[in-house]
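Student:
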Amino acid sequence: MKVIRLTSTAVEITPVFQGNQEFKLFDYAGNPHWRPCWRSFMSRLQAVVFVIDSTDSEALQEAKMELGWLLKEDMLEQKPFLVLANKQDDTKAMSVVELTEYLDIQQYLDRPSKSRVQPTSALTGEGLAAGLDWVRDVLEKHRN
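Right, here's the structure in full:
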């Protein structure tokens, strides 16, 4: 897997294949210093994948604020939005239901054709394919 680093702290671009579909994942640093730059990339995005560490209760408040900001962003309103609830293999992980409630995002999930929370484990790979398949299916529906 080839990773292109624009800088060590700003953006990493990783091509990922799911079936015959290539996804170019842009990992924008979570560092608050780089967040103002996010907006400059939004117009070119086809979908948003937001990864949350379901075990890190300290980082969840920050994730809640950033996720809320992204979900309300006009440029992203019509884009498919996938939240990956990572580390679901850990016994300390919040469930998808608990995360959805804590993050206060149910109103966005009521639009199932545009938003989804997918339980995942980066360690085992469980749930990742299903999440990317959902993004691909939503993009294909809106392309036709």
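Each residue of the sequence shown is one higher than the one before, starting from 1 at the first, in my numbering. A virtual CB, placed ideally from N, CA and C, is assigned to each residue, including glycine.
1. Looking at C-alpha atoms only, which residue of Asp53, Phe23, Asp104 and Lys92 is the closest neighbour of Thr122?
2. Looking at Phe50 and Val158, is the spacing between their C-beta atoms short of 7 Å?
3. What is the rounded straight-line gap between the Cα of Ala85 and the Cα of Ala93?
4. Please classify Phe81 as buried or exposed, where buried requires at least 16 neighbouring CB atoms within 10 angstroms.
5. Pick helix, strand or coil for Gln88, following the three-state DSSP scheme.
6. Starting from Ser57, trace the alpha helix (DSSP H) both ways and give me its first and last residue.
7. In its own chain, which residues sit with a C-beta less than 7 Å from the C-beta of Thr120, not counting the 5 before and 5 after it?
Tutor: Let's see:
1. As written in the sequence, residue 122 is Ala, which differs from the Thr given in the question. Comparing Cα positions, the closest option is Asp53.
2. The requested residue 158 is not part of the displayed model; the chain covers only 1 to 144.
3. Between Ala85 and Ala93, the C-alpha separation is close to 9 Å.
4. buried
5. coil
6. Ser57 to Lys72
7. Leu84, Ala85, Asn86, Gln88, Glu126, Gly127, Leu128 and Gly131.
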